[in-house]
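Per numbering that gives the first Met the number 0, the very first residue in the sequence shown carries number 0; after that it's consecutive.
Written below as structure tokens is the structure these notes are about.
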Amino acid sequence: METKFIADNNVGRLARWLRLMGYDTVLLRQKDDARMIKMALSENRMILTKDAQFMNRRLVTNGTLRTLHTGEDDPEVQVQQVVESLSLDYDFRPFSRCLECNQVLVARDKEYVKDSVPARVFETQTQYTQCPACHRVYWPGTHWQAMVKKLKGLQARSNGNHASA
């Protein structure tokens, strides 16, 4: 079974990185512990939080809720912490989830997105995906390449940490 997450409002950038990697990650933009707990239990999601007090809840301490607490502010360090703590794979699936709303992306033909992307992008790119919910279009341009490069750097650092341990 694939690991699914629910992130509280304190780890929003971590949620985006996990979505980039292809992980189903719900982000609660407003603090609502009751909703987060209900969703985690009903959808079998692991809770990601920076809230140390949340970790003292009975449902956490008795093991009912799967949780991961991070005290880190840097989302890159948070990603490493999640990946290493859960032994997740860095074999991510970019362009599989919307970074904004977490929906599974749909492959689109170039002509389909012609009116939704800048002219220069349309001229230079051939591969597109689109969110069926918010209609955001994605393509493997320089921004995507930079994010992939950063993830590969995190993977190398993580592998280096394991090699020296």
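Every residue, glycine too, gets a C-beta built ideally from N, C-alpha and C.
First through last residue of the alpha helix (DSSP H) which encompasses residue i
{"i": "V120", "result": "A118 to T123"}
{"i": "A33", "result": "D32 to E42"}
Close beta carbons around residue i, own chain, < 7 Å, minus the five adjacent residues each side
{"i": "D74", "result": "Checking the sequence, you will find Pro at residue 74 rather than Asp. Result list for P74: R12, L13 and W16, in chain order."}
{"i": "M146", "result": "L19"}
{"i": "K151", "result": "none"}
Identity of the residue in the options nearest residue i by Cα
{"i": "K49", "options": "L58, N8, L98 and V136", "result": "N8"}
{"i": "V78", "options": "V10, H134 and D31", "result": "V10"}
{"i": "D32", "options": "N43, M20, Y22 and M54", "result": "M54"}
{"i": "K149", "options": "P117, H134, D114 and F91", "result": "F91"}
{"i": "L153", "options": "K30, E83 and L67", "result": "E83"}
{"i": "T125", "options": "D108, S115 and Q80", "result": "D108"}
Extent of the continuous beta strand (DSSP E) run through residue i
{"i": "L17", "result": "Careful: L17 lies outside any beta strand (DSSP E), inside the alpha helix (DSSP H) at G11 to L19."}
{"i": "T24", "result": "T24 to L26"}
Contact set for residue i: own chain, Cβ-Cβ below 8 Å, skip 5 residues either direction
{"i": "V64", "result": "Correcting the residue identity first, residue 64 is Leu in this sequence and not Val. Result list for L64: I36, A39, L40, I46, R56 and L58, in chain order."}
{"i": "R18", "result": "T24, R96, C97, L98 and N101"}
{"i": "S86", "result": "none"}
Proximal residues to residue i (C-beta, below 6 Å), its chain only, five neighbours per side dropped
{"i": "A106", "result": "T128"}
{"i": "A132", "result": "C100 and Q102"}
{"i": "V112", "result": "Y127 and V136"}
{"i": "A162", "result": "Note that A162 scores 49 on pLDDT, short of 50, meaning its location in the model is unreliable; the coordinates nonetheless yield the value given after this. If we look at A162 and ignore the five residues flanking it on each side, it has no Cβ neighbours."}
Opposing strand residues paired with residue i [DSSP bridges]
{"i": "L47", "result": "A6 and L67"}
{"i": "V136", "result": "Q129"}
- If you scan the segment 49-101 from start to end, which runs of the alpha helix (DSSP H) of 4 or more residues do you find wholly inside it? 57-60 and 74-85
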